[in-house]
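Have a look at the structure below, then the notes.
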Amino acid sequence: MDLFSDMRGHRQPAPLARHYDAMTFDFLSMLWRRRWLIAAVTGGIMLVTAAYLMVTPQRYTADLVLQFDFTREDSGGGGKASSVALDASTLVESEARIIRSLATARAVAARLGLDKETRTQSPGLLGGAAELIFPSSVRRMLRDLTGFGDGAEPTQRDIAAQRLLASLGVSNDTKAYLVTLTYRDTDPDRAALIVNAFGNEYLRRKMEATANASQRSSQWYGAQAQEARANLGRIEKEIEAFRIRTGFVELGQDGADIQQQQLRDMLTQLNAVSATRLAEETRLQRARDSLAAGNVPQTSDLGSSPVVQQLLDEEGKARRALDEMVAVSGERHPAVQRLRLSLSAVQERLQKQLAQSVANIETDVQAARAAEAALRERVAALQTKSIEARGLEGQLRTLQAEATAARDRLKQLSDAHQQASAVSELRPIIAQIVAPADIPSLPSSIKPSLVLGLAMAGGLMAGAGLSYLLEKRDRGFRSENEFAVETRTNCVGLLPNLEHYPGGLESLVFAEAVRSMVAELFPASNPPKFVLITSSAPGEGKSFVASAMARVLAMMGQRVLVVDGSPRRLLLGQNFPHEALLDQCLPQVGDAGGPGTSPVATVRRASGLRDSQNVYSNPAFEAMLREARARYDVILFEVAPVLLSADSALLREHADTVLHVVKWNDTLKSTVSATLDHLGKLGLDVAGVVLNGVDLEEQGRYDVSDRGRVYRNYKSFYQASA
2 MDLFSDMRGH
12 RQPAPLARHY
22 DAMTFDFLSM
32 LWRRRWLIAA
42 VTGGIMLVTA
52 AYLMVTPQRY
62 TADLVLQFDF
72 TREDSGGGGK
82 ASSVALDAST
92 LVESEARIIR
102 SLATARAVAA
112 RLGLDKETRT
122 QSPGLLGGAA
132 ELIFPSSVRR
142 MLRDLTGFGD
152 GAEPTQRDIA
162 AQRLLASLGV
172 SNDTKAYLVT
182 LTYRDTDPDR
192 AALIVNAFGN
202 EYLRRKMEAT
212 ANASQRSSQW
222 YGAQAQEARA
232 NLGRIEKEIE
242 AFRIRTGFVE
252 LGQDGADIQQ
262 QQLRDMLTQL
272 NAVSATRLAE
282 ETRLQRARDS
292 LAAGNVPQTS
302 DLGSSPVVQQ
312 LLDEEGKARR
322 ALDEMVAVSG
332 ERHPAVQRLR
342 LSLSAVQERL
352 QKQLAQSVAN
362 IETDVQAARA
372 AEAALRERVA
382 ALQTKSIEAR
392 GLEGQLRTLQ
402 AEATAARDRL
412 KQLSDAHQQA
422 SAVSELRPII
432 AQIVAPADIP
442 SLPSSIKPSL
452 VLGLAMAGGL
462 MAGAGLSYLL
472 EKRDRGFRSE
482 NEFAVETRTN
492 CVGLLPNLEH
502 YPGGLESLVF
512 AEAVRSMVAE
522 LFPASNPPKF
532 VLITSSAPGE
542 GKSFVASAMA
552 RVLAMMGQRV
562 LVVDGSPRRL
572 LLGQNFPHEA
582 LLDQCLPQVG
592 DAGGPGTSPV
602 ATVRRASGLR
612 DSQNVYSNPA
622 FEAMLREARA
632 RYDVILFEVA
642 PVLLSADSAL
652 LREHADTVLH
662 VVKWNDTLKS
672 TVSATLDHLG
682 KLGLDVAGVV
692 LNGVDLEEQG
702 RYDVSDRGRV
712 YRNYKSFYQA
722 SA
């Protein structure tokens, strides 16, 4: 059930100022309507607060101030040096926690003898009621079952310590290194005594902790120095044994040895040989490419061979002599043929010599490669030896570093042991009481006027909140204007509740309201003939509205058939229980059509919900409707609630319009909205909504503007017409 659906309803757009004015007016109206509830809640809270103030004794607060000094005299220069490395404000806060610890509270309780007092801790209101109702064995068993029992009763010292901590307050000022202790109690002498006891107990425990810390520090530093000395001797023996076992000599100042120098030289030679090998391979490739292309390689590639150069000169001379002879004697001259043979012989010798030169180059390349491989093997061997030497060097340096660290630790521990041995040199955080607590003479409780004022404000707020929640409950529609906002449906009638005011002016108001509703629902042109009267829930007053409409229509000269299709009435001929109320404002109409005829006829359903399909799908029902349409001017058909029955869906093809009845301030708005949406999905035309059973006096409390307000404001009109 959604009790707050009207808080989320769709609202018509309105100007912003008008919207906020309306919200403010509604809120103030709500406060005025619920003024007695707000006054009752406020008065109750103030009475409870006043009773609490009366039974609660006044409490007194005693203060004690501790100041901390984080400096000590410097033995070397006579000045002051800081004795801490941390932030002093952090240390002040830590000391404040120590003061508020349970151990300090236990010591104070034991010193003042509070753990021997017979006064027990107050169990509180609920605890006292539990002690009166349940015996101790039952209470212990319940605590064990619920997990609150720890299996052992608390000691009297713990109870007293917890009571002291509950009233003790510890605050610190980090800028001035001050800690303020406050204790609140109903007895001012007791408050001053306890807070001074806390300060003295803290200083006493601090001095004891100082002496114990000095002794423990001296012993610990001595043991650690002895252990560090033994560790240093062990490391030095390991270094000596390592040197004897490996024969390794430390490096010089520049960090280089003979092996590293040889490795650098060999790497230099390897780079030079690799460059030579690359140059020979490049020369060989160029020579091969030139021979493959039919050209003569360059002289630099052939290594400046004199034979090749001589053959090249001879070829040139033979080629020039051949060209001259061809130019002088022609191609067929015998001398030309001899020169050609001579040129071919020179070229053949040149090719052989070039091949021999290339073979020589290949031999040089092989030699360069062999030299490079040999150097690489030597470099690899030297690198292996260097790596092994580096490993030994790393091991030796690790041992030396451990020895250095052991010497440093031994020196630090020796210095610390000497400082710890001199107790006068060791001073922890120094605190002193700069303002002991005096016996307070004025109470520190909150002023009763302030408490009552806060209680009044809280009561007003609580009452206003409760009133708002009560107002925003989804208790139904209270005015006909809400239908346009919530459901976008027109409200055609607002009928007063006659049961609360039998025989009063409401009967006249009711009669005129019914006439107004009938006039709006049945216009002069094309009035509806079949009106389906529906509701969202049982008990909305459909039969009452149908009977009232039938009487008004009959007085207007209409022949009316009222069909009570609700399956809840199973006896034929049963009279309506509300006809006596209708007789007060709408008298019965006699015969209007001659003997045996009446302007108002009634047909009631005699079956239950199980037979709804058979009733409305029966051909006899169709024939009855056709006969009724021919005989009567208006058919008012009352059906079961829409969402609880399928009767509305079965009758939708016969209905000309729908009149929906809603009970005032009763049916939920969400239910009414869902019902109207369902009727729209069925294709039924809802002509309007009737707000039935309106309590005009109660409606006046909600300050709504509709016809109900007019009815209340102008009752004199009906009194004059009575």
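In terms of the working numbering, the sequence shown is residues 2 to 723.
Think of the CB as a built atom: it goes at the ideal place given N, C-alpha and C, for glycine as much as any other residue.
Just to confirm, are residue i and residue j a CB contact at a threshold of 9 Å?
| i | j | result |
| --- | --- | --- |
| residue 496 | residue 518 | yes |
| residue 724 | residue 634 | Summary: the structure shown does not reach residue 724, with the chain confined to residues 2 through 723, and so no result is reported for it. |
| residue 677 | residue 547 | no |
| residue 695 | residue 491 | no |
| residue 116 | residue 167 | no |
| residue 207 | residue 432 | yes |
| residue 712 | residue 551 | no |
| residue 652 | residue 617 | yes |
| residue 477 | residue 666 | yes |
| residue 43 | residue 460 | yes |
| residue 468 | residue 34 | yes |
| residue 673 | residue 488 | yes |
| residue 383 | residue 225 | no |
| residue 373 | residue 274 | yes |
| residue 93 | residue 178 | yes |
| residue 565 | residue 639 | yes |
| residue 587 | residue 625 | no |
| residue 100 | residue 67 | yes |
| residue 222 | residue 417 | yes |
| residue 330 | residue 337 | yes |
| residue 511 | residue 456 | no |
| residue 655 | residue 531 | yes |
| residue 233 | residue 110 | no |
| residue 347 | residue 325 | no |
Quick one: give me the first and last residue of the beta strand (DSSP E) that residue i is part of.
| i | result |
| --- | --- |
| residue 158 | Where residue 158 is concerned, there is no enclosing beta strand (DSSP E), although the alpha helix (DSSP H) it sits in stretches over 157 to 168. |
| residue 639 | 635 to 639 |
| residue 693 | 687 to 695 |
| residue 644 | First-last for residue 644: undefined, no H or E at that position. |
| residue 605 | 601 to 605 |
| residue 662 | 658 to 664 |
| residue 564 | 561 to 565 |
At what residues does the alpha helix (DSSP H) containing residue i begin and finish?
| i | result |
| --- | --- |
| residue 682 | 670 to 682 |
| residue 545 | 543 to 556 |
| residue 105 | 103 to 113 |
| residue 534 | Not the alpha helix (DSSP H): residue 534 falls in the beta strand (DSSP E), residues 531 to 536. |
| residue 187 | Note, residue 187: premise wrong, no alpha helix (DSSP H); not H, not E. |
| residue 38 | 36 to 56 |
| residue 497 | Premise fails: residue 497 lies in the beta strand (DSSP E), 492 to 497, not in any alpha helix (DSSP H). |
| residue 714 | 708 to 714 |
| residue 632 | 620 to 632 |
| residue 1 | Not covered by the structure: residue 1. The range shown for the chain is 2 to 723. |
Run through the DSSP bridge pairs and tell me what residue i is partnered with.
| i | result |
| --- | --- |
| residue 172 | 181 |
| residue 434 | 67 |
| residue 62 | 185 |
Whole-angstrom Cβ separation of residue i and residue j, contact assumed at under 8 Å?
| i | j | result |
| --- | --- | --- |
| residue 54 | residue 449 | 5 Å |
| residue 366 | residue 281 | 4 Å |
| residue 453 | residue 31 | Residue 453 to residue 31, Cβ: 26 Å. No contact. |
| residue 62 | residue 445 | 4 Å |
| residue 288 | residue 359 | 5 Å |
| residue 493 | residue 521 | 5 Å |
For chain D, is any of its Cβ atoms less than 9 Å away from the one on residue i?
| i | result |
| --- | --- |
| residue 271 | Judged by its chain identifiers, the structure shown contains no chain D, having just a single protein chain. |
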